[in-house]
Every structure is written in structure tokens, then in C-alpha cells.
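So the sequence shown is numbered by the UniProt record's numbering: it starts at 1 and just counts up by one.
C-beta: ideal position from N, C-alpha, C; glycine also.
Everything numeric in this text was worked out from a predicted model, so none of it was measured.
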Amino acid sequence: MADAGKTWLIEAPGKIERIEACLTDRGYAPHRHDTYTVGLTLSGIQSFNYRGAARASAPGQMVILHPDEQHDGRAGGEGALRYRAAYIAPAEIQEVLKGEALPFVDGGVSTDVRLYRAIKALLHDYQRPLTKLEYQDALYDLALGLRDAAGAALAIKRANREAAAHARDYIEDHLASGFSLEDLERATGHCRWQLSRDFRAMFATSPYRYLTLRRLDLARRMMREGGAIADIAQACGFSDQSHFGRAFKQTYGLTPKAWARALQTPARSF
Numbered sequence: 001m002a003d004a005g006k007t008w009l010i011e012a013p014g015k016i017e018r019i020e021a022c023l024t025d026r027g028y029a030p031h032r033h034d035t036y037t038v039g040l041t042l043s044g045i046q047s048f049n050y051r052g053a054a055r056a057s058a059p060g061q062m063v064i065l066h067p068d069e070q071h072d073g074r075a076g077g078e079g080a081l082r083y084r085a086a087y088i089a090p091a092e093i094q095e096v097l098k099g100e101a102l103p104f105v106d107g108g109v110s111t112d113v114r115l116y117r118a119i120k121a122l123l124h125d126y127q128r129p130l131t132k133l134e135y136q137d138a139l140y141d142l143a144l145g146l147r148d149a150a151g152a153a154l155a156i157k158r159a160n161r162e163a164a165a166h167a168r169d170y171i172e173d174h175l176a177s178g179f180s181l182e183d184l185e186r187a188t189g190h191c192r193w194q195l196s197r198d199f200r201a202m203f204a205t206s207p208y209r210y211l212t213l214r215r216l217d218l219a220r221r222m223m224r225e226g227g228a229i230a231d232i233a234q235a236c237g238f239s240d241q242s243h244f245g246r247a248f249k250q251t252y253g254l255t256p257k258a259w260a261r262a263l264q265t266p267a268r269s270f
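Structure, rendered in C-alpha cells:
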């Protein structure tokens, strides 16, 4: 187990992005993810600003952050904060809910029992990767739990899922190069502005921000393997190291160097 008196960050094994973190004197600067953040406070008080108000999560409570909503994070009061979190793409929630609005849990903190069961299934057995069926089971329960915790879902006009997915694939194939909405229009055969709306409905963020987030995902993979940050920034399509550093901190709340220093080996299950 990592030292509970120091700031550290652990990544769970497997394809699903899951972390455990301990914060003491260091917090996260304001930042945004293009995913749902679903977390469980293990010890200490998780304090954060979200949608214009100060929030707090005590041990056993869950933090539910909607995609692309700015937030920060720190230990509240005395003592260290320890928590676990998973990052779930909104498109995966849409796959379960099919045509409903993405659920929004007001306030960002919940004690909902159904949500707790789904989130614990994602985060409990932390030392091994989740099987595909195990993840799909938890994802289904999470999507319905989010919908119930958010209240009655509002029906929305169905997005063109095929066009949005085609645009996503094009973006992921062109991470190191620049492109425009006109390029996406030519690649998908769909109106650029309708495509932009469909993309936001499916992925809860814009095509440009999706590109930035995927570049940062690639950069983090390269940083885990070592290498100079300036070289990684260039390889991932950023104009320079300064541009990369700003984008990284705006997304993860830490500078690239601070994030790399905080990484630790996996801890035992709670």
C-alpha cells in the first residue's frame, strides 16, 4: 500500500480507466474531463468546487461529475483524502439508455443505493482488470442508476449515431495532424454543423476537445513508458511543450511532471 501520508496516484490494470488517489497538501487545479467521473470517497473529506458551489463528499459517499463540467479537488479539513474513481465515456451510457438525455446528478454528490452497487462493482476488486462481461454488467447498472438518481430523463431527438461514430474514428486516426469540420464533413458525408451537434449529443463534448483529450490519452501512455516531455508533446500533435502543459493541467488538474511523479503501483482492494 502506498504511504497514506503522501500525495500519490495509482492506476488500476486493464482497459477501463480507474484510479486511486491520496491527496494531502496538493490538490487538483480546475479542470474538465470528457467522461463521467464516478468515484467513491474512502477516507477523509473530498472537497471540490462544481457548478458554482463548494461540495464535499464524506467516506462512503459517491462523487458523480457530468462530462465536460469544470471542477477541482482537494482534501477538506485535516488529514489525507483517499478515493477511487472510474472514468466512463458518455457514449457508453448512451448505448444503454438509447435516445435519452445524458443523466445529470445535481450537486455532484450522491448516496443512492443503486449507484453505490454499480460503482463498487467497478472499483472494488482493484488489483485485476475487469472482464468484458463484468464491466458491461456494471455499466448497465450504472447507466440506470444515473438515470434514477438524476430524476425523470427527458427524451431528446436521436443523434445520428453512425455519423458521430464515423467522425470519432476519423479523429482517432488523425491525432497527430490538424483538420477542420470541413474535413469531417467530407469524411462522413454529413453536414458539418449537424455532425457537430450529433457529436456533442453522443460524446458530450466537441470534436476539437475530443481530439485534445485523445492526444492527451496518447501522451499519458507515452509518459508511462518514459521519454522527454517535449518529444512526447510534438509526437502527439501539440504545437510545443508549453501548449501541451497547459492542455494537460486543464484536463487533469496537475502538470505533466506532477502527474508522472504521483504515479504509484496498485494498492490492495478496500
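Inclusion of G151 and R117 in the CB contact set at 9 Å is not warranted, their separation being larger than that value.
Selection Q61, S239, L122, D112 evaluated against P13 yields L122 as nearest (Cα-Cα). Shown here for G79: same chain residues with a beta carbon closer than 7 Å to its own, the five before and five after excluded, namely G44 in chain order. In the same chain as L42, and ignoring 5 residues on each side of it, the C-beta atoms closer than 7 Å to its own belong to P59, R82, Y83, R84, F270, in chain order. Between L184 and A165, the C-beta gap is not smaller than 9 Å, which leaves the two residues out of contact.
With the rule of 3 Cβ pairs closer than 8 Å, the segment 12-26 counts as touching the segment 119-133. Counted as a single uninterrupted DSSP element, the beta strand (DSSP E) harbouring E20 occupies residues 18-23.
Contact between T251 and L216 is confirmed by a C-beta separation of about 6 Å, below the 8 Å threshold. Straight-line spacing of the CA atoms in T7 and R220 works out to 19 Å. Bounds of the alpha helix (DSSP H) holding Q94 are 90-97.
Under the 8 Å Cβ criterion, the segment 190-201 does not count as touching the segment 226-234, having fewer than three qualifying pairs. For the pair R74 and L23, the CB atoms are nearer than the 9 Å cut-off. A distance below 6 Å between beta-carbons, with the five flanking residues on each side excluded, links R32 to the following residues of its chain, in chain order: D68, Q70. Annotation for P256: the continuous alpha helix (DSSP H) segment containing it runs 256-262. CA-to-CA, the gap between R147 and F203 works out to about 17 Å. Taking C-beta separations shorter than 7 Å and ignoring five residues to either side along the sequence, R261 has no partners in its chain.
From the listed residues F48, A235, T111, L102, the smallest Cα separation to Y36 is found for L102. Uninterrupted alpha helix (DSSP H) stretches at least 4 residues long and entirely within the segment 111-148 occur at 113-123, given in chain order.
The three-state secondary structure of L175, taken from DSSP, is coil.
For H243, the uninterrupted alpha helix (DSSP H) run begins and ends at 241-252, by DSSP. As a beta-bridge residue in DSSP terms, S57 pairs with Q46. Secondary structure note for R192: it is in no beta strand (DSSP E), and the uninterrupted alpha helix (DSSP H) holding it is 192-203.
With contacts defined by Cβ atoms closer than 9 Å, T188 and Y210 do not form a contacting pair. Annotation for E185: the continuous alpha helix (DSSP H) segment containing it runs 181-188. The criterion of a C-beta distance shorter than 9 Å is not satisfied by V109 and A176. Around the beta carbon of Y208, a 10 Å sphere encloses fewer than 16 other beta carbons of the protein chains shown; the residue is thus reported as exposed. Here the C-alpha atom of F179 lies approximately 11 Å from the C-alpha atom of D173.
Excluding five sequence positions before and after F248, the CB atoms of its chain that fall closer than 8 Å to its own CB belong to L216, A219, L254, T255, P256, W259, given in chain order. Assignment of beta-bridge partners to A86 by DSSP yields R18, V38.
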